[in-house]
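**Student:**
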Amino acid sequence: MPAVEVNHIVKSYADKVVVNDLSFSVNQGEIFGIIGPNGAGKTTTIRMMMDIIKPDSGEVTVLGERLSEASKNKLGYLPEERGLYKKLTVIESIIYLASLKGMDGPSAEEKADGLLEQTGMLPHKGKKIEELSRGMGQIIQFIVTIIHNPELVILDEPFAGLDPVNTELLKKMAADLRSQGKAIIFSTHQMNEVEELCDRILMINRGRSVLYGNLAEIKSWYRSNSVLLEFEGELGEVPGVTEKHTRKGHVELVLDGRTTPQQILERLVGTGLVINRFEVATPPLNEIFLKVVGGKNNE
Amino acid sequence: MNKTLLILRHEFLHTIKRKGFIIMTLIVPLVGLLAIGVLQLVSGIAGPAAEITTIGYVDEPGGFQQFTTQGQIELVRFDTPDEATQALVNGDIKEYFVISSSYQETGVINRYTLEKQLETPPGTSAAIKKFLTSNLLAGKVPPATIDLIEAPLNLVTTRLAPTGAVAPEQGGYGNFIIPGVFSLLLMLSIIFSSTYLLQGLGDEKENRLIEVLLSSVSVRQLLTGKVLGIGAAGLAQVAVWVISTPLLLNLASSTFGGFISTVQLPANFLALAVVYFILGYLLFAVISAGIGAISATSREGQQFIAIFTMPLISPLWFSSLLMLFPDNPIWAVLTILPITAPVEVMIRLGVSEIPAWQLVVSIAVMVLSIIGILLITIRVFRTYLLMYGKRPRLGEVMRSLRSG
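So the protein lines, in turn, are chains A and B. The numbering of the first sequence is the numbering used here, which starts it at 681 and goes up by one. The numbering of the second sequence is the numbering used here, which starts it at 15 and goes up by one.
1. What are the boundary residues of the alpha helix (DSSP H) that S900 of chain A is part of?
2. Listed in chain order, which residues of the stretch 776-795 of chain A have Cβ atoms closer than 7 Å to some Cβ of chain B?
3. Determine whether the Cβ of E749 of chain A lies closer than 7 Å to any Cβ atom of chain B.
4. Run through DSSP, which three-state label would Y765 of chain A get?
5. Taking all protein chains shown into account, decide if R957 of chain A is buried (16 or more other Cβ within 10 angstroms of its Cβ) or exposed.
6. Nearest to T939 of chain A by CA position, among A:V921, A:E797, A:I820 and A:G861, is which residue?
7. Kindly list the residues whose CB is nearer than 7 Å to the CB of A175 of chain B, restricted to its own chain and excluding five residues on each side of it in sequence; keep chain order.
8. Taking Cβ-Cβ distances below 9 Å as the criterion, which residues of the stretch 16-31 of chain B are in contact with chain A?
9. Any beta carbon of chain A sitting closer than 7 Å to that of L228 of chain B?
10. Excluding the 5 residues preceding and the 5 following I163 of chain B in the sequence, name in chain order all residues of the same chain whose CB lies nearer than 8 Å to its CB.
11. For R313 of chain B, would you say it is in contact with chain A, using Cβ-to-Cβ distances shorter than 7 Å as the test?
12. Determine the direct distance from the alpha carbon of A896 of chain A to that of G716 of chain A, and round the result to whole angstroms.
13. Quick test of your reading: V1050 of chain A and K807 of chain A, contact by CB under 8 Å. State the CB separation rounded to the nearest angstrom.
14. How would you write the range of the alpha helix (DSSP H) that S773 of chain A sits in, first residue to last?
15. Quick check: what's the CA-CA separation for Q80 of chain B versus L128 of chain B?
16. Contact between the stretch 738-745 of chain A and the stretch 194-203 of chain B: three or more CB pairs below 8 Å?
17. Is the shortest distance between the beta-carbon of S232 of chain B and the beta-carbons of chain A less than 7 Å?
18. Is the Cβ of E979 of chain A closer than 7 Å to any Cβ of chain B?
19. Which residues of chain A have a Cβ atom closer than 9 Å to the Cβ of L336 of chain B, listed in chain order?
20. Out of curiosity, what's the CA-to-CA distance linking V949 of chain A and E873 of chain A?
21. Output the distance between the C-alpha atoms of M729 of chain A and V226 of chain B, rounded to the nearest integer angstrom.
22. Under three-state DSSP, which class holds G61 of chain B?
23. Using Cβ-Cβ distances below 7 Å, what residues of the stretch 193-222 of chain B are close to chain A?
24. Report the residue from A:A792, A:T825, A:L915 and A:R858 whose alpha carbon sits nearest the alpha carbon of P759 of chain A.
25. Let me see if you follow: with CB-CB separation under 7 Å, is E358 of chain B close to chain A or not?
26. Answer with buried or exposed for V122 of chain B, where buried requires no fewer than 16 other C-beta atoms within 10 angstroms of its C-beta.
27. Taking the alpha carbon of I361 of chain B as the reference point, which residue from B:L286, B:V381, B:I305 and B:G306 has its own alpha carbon closest?
28. For the beta strand (DSSP E) that contains T922 of chain A, what are its first and last residues?
29. Taking the alpha carbon of T259 of chain B as the reference point, which residue from B:L44, B:H28, B:K108 and B:N16 has its own alpha carbon closest?
30. Sorted by chain position, which residues of the same chain lie with C-beta nearer than 7 Å to E959 of chain A's C-beta, five sequence neighbours on each side aside?
31. Please list the terminal residues of the continuous beta strand (DSSP E) segment that includes I107 of chain B.
32. Between the alpha carbons of I384 of chain B and L296 of chain B, how many angstroms are there, rounded?
33. Compare the C-beta of E225 of chain B with all C-beta atoms of chain A and state if any pair is closer than 7 Å.
34. Secondary structure at G243 of chain B, three-state DSSP: helix, strand or coil?
35. Applying the 10 Å Cβ sphere with the 16-neighbour rule, what's the burial state of P329 of chain B?
36. Figure out for me which residue from A:F839, A:V918 and A:E912 has the closest Cα to the Cα of D936 of chain A.
See below:
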């Protein structure tokens with residue numbers, strides 16, 4: 681059973697179509713990225729998945745059923761813009777919001793203590809939210825998102841405004857959730873952010889799906905015909921290589937259409953060169969996006 | 015626990031812990047206490063300690079020699095205005111007046127004083143008037159008649175029940191005071207409670223917490239919990255005020271004993287006060303929630319809500335007209351109009367009787383309005399709560415209502 685199944689949803693505001701016939705599914709135990717530029721319709725899509733707004737048409741099922749009050753307890757949602765009750769303390773905020781997810785007070789506090797400890801926020805447990813820094817507030821909100829052990833976690837731009845240490849912390853916690861079999865949806869306009877995390881992605885532009893599938897496969901489709909090489913010694917002529925570009929710290933070899941990277945590697949090893957790095961060049965998602973959107977726009 | 019109850023409890027506790035709420039709850043009894051203290055102080059000063067004032071007069075036509083002691087005022091006769099002026103300058107007298115020789119024809123009395131005054135103090139003019147009347151009538155009519163001429167009317171009204179027996183509820187200001195004060199408190203409490211609701215929604219909208227809440231609960235649960243939680247806090251506030259009233263009245267009775275004994279509660283007052291507080295609050299709560307949904311910030315929402323608080327307050331502006339013309343049909347209209355009804359009913363209860371049919375229609379119209387506005391609000395809420403930073407135009411709201 682997929683964690684989320686979205687079928688042909690459409691949403692428009694005041695004659696502007698924000699989400700246009702979008703379909704995808706998210707499996708349990710995977711990190712799924714929804715990526716696209718600002719204003720592509722990512723947040724609207726997520727809000728429809730969360731039943732915060734209703735689609736004009738189409739259907740969303742979460743964990744095999746249409747979202748009901750009971751099934752909302754199985755969701756964890758970190759919205760794009762973040763805020764908590766400024767006047768409440770950290771622990772009061774966590775317990776109240778956890779209680780709305782069906783947790784009772786004592787178990788929420790016990791779980792909160794563990795998560796605060798894990799994130800290094802335990803000393804701030806009794807502080808008011810308004811006394812925390814922005815980054816700290818974000819960590820608290822992440823704790824609120826996952827405290828009730830949800831089956832599906834949706835993180836909208838989770839790393840925006842976070843320092844590198846906390847970004848790594850959150851990435852690690854997200855990876856842990858995946859290994860526990862939870863489904864995680866990441867939404868971001870920072871496309872490179874998801875490359876190291878996501879198993880599958882949905883790339884959207886102007887409310888429409890432009891790319892959808894396994895991240896590794898997608899990258900291989902858009903693989904350019906070149907390899908990246910770091911080496912020691914003298915690189916002479918290599919048969920099958922049409923161009924050589926010296927980049928910072930490495931050399932990019934552009935192959936002719938007939939030679940595979942595997943053949944090039946064999947030939948390089950044959951020359952006795954010391955090879956420190958050999959990599960089939962795949963473009964970053966940014967470039968893929970520009971290629972796809974550029975192509976669509978030209979159609 | 016049910017999620018609606020969780021939100022209710024959270025909102026109730028959150029509201030009663032607010033500084034503004036605590037101050038407002040305590041300030042009403044405190045202001046009452048202060049007012050009683052000040053009145054006691056003032057009446058203490060103005061009481062027996064008052065000194066005897068000496069006023070001079072010049073009697074040109076003659077015949078004004080008697081009755082020179084009028085309460086705390088002593089009248090001293092002078093032969094000429096110059097002598098009187100001299101005495102005034104020397105400080106022997108506080109002021110003087112001249113009964114001119116043409117007084118019998120014109121009635122003109124000239125008064126001279128060193129003080130700057132808006133008008134003659136009522137005590138002084140009453141004393142002069144009584145002095146003149148008594149002297150004019152002396153010897154012509156019996157002294158008892160003179161007293162009657164000075165105060166010919168001491169009206170005592172008794173209200174009879176339709177059976178001809180003395181009615182238990184006598185009307186008058188004693189009957190008006192509690193509904194009058196209570197209508198003011200009711201209005202304050204309704205305005206404050208709905209402001210808290212509006213502010214809470216505005217804040218949650220501004221800091222986007224609303225999305226987290228709506229990913230856990232439905233719009234219906236969120237609105238119901240908030241409206242009831244804040245309403246319960248408002249009711250607690252009114253309860254504190256109501257409980258403190260008899261205590262304050264007891265304290266005040268030493269000062270205004272005579273008046274306090276006439277204070278009575280109109281029939282059905284408490285029941286109607288509770289009903290109209292609840293209905294009035296619910297009406298304003300659903301209006302506030304709707305406004306909270308379409309306004310960009312909580313500040314903007316508070317400007318919008320003023321459009322509705324004006325009519326709520328308006329019966330207080332017209333309360334003096336109500337006292338003069340209690341039978342005018344306009345009061346029936348204000349009683350039935352849901353937005354003016356809570357305050358209007360409270361004031362009318364103190365002034366006259368409200369026909370039962372008007373109360374029934376009024377309550378029915380309020381209940382229907384609340385349900386109608388609630389349905390509209392839930393529709394608008396979902397659509398516009400997530401539109402941050404911009405307010406939809408009226409046309410867009412109407413369109414979204416139609417499309418649902």
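Using N, Cα and C, we set each Cβ at its ideal position, and we do this for glycine too.
**Tutor:** In terms of the structure at hand:
1. L895 to W901
2. Y776, L777, S779, L780 and K781
3. yes
4. coil
5. exposed
6. A:V921
7. A181
8. K17, L20, I21, H24, H28 and K31
9. yes
10. T147, L151 and V155
11. no
12. 18 Å
13. The structure shown does not extend to residue 1050 of chain A, since chain A is modelled only from 681 to 979, so the question has no answer here.
14. V770 to S779
15. 26 Å
16. no
17. yes
18. Here E979 of chain A scores only 44 on pLDDT, less than 50, and its place in the model is too uncertain to base an answer on.
19. Per Cβ cutoff of 9 Å: no residues; L336 of chain B is ~43 Å from chain A at best.
20. 34 Å
21. 13 Å
22. Residue placement at G61 of chain B cannot be trusted, given a pLDDT of 49 that sits under 50; what the coordinates show is reported in the next sentence. Residue state, collapsed to three classes: coil.
23. N221 and R222
24. A:T825
25. no
26. exposed
27. B:L286
28. V921 to T926
29. B:L44
30. V907 and L908
31. First-last for I107 of chain B: undefined, no H or E at that position.
32. 7 Å
33. yes
34. helix
35. buried
36. A:V918
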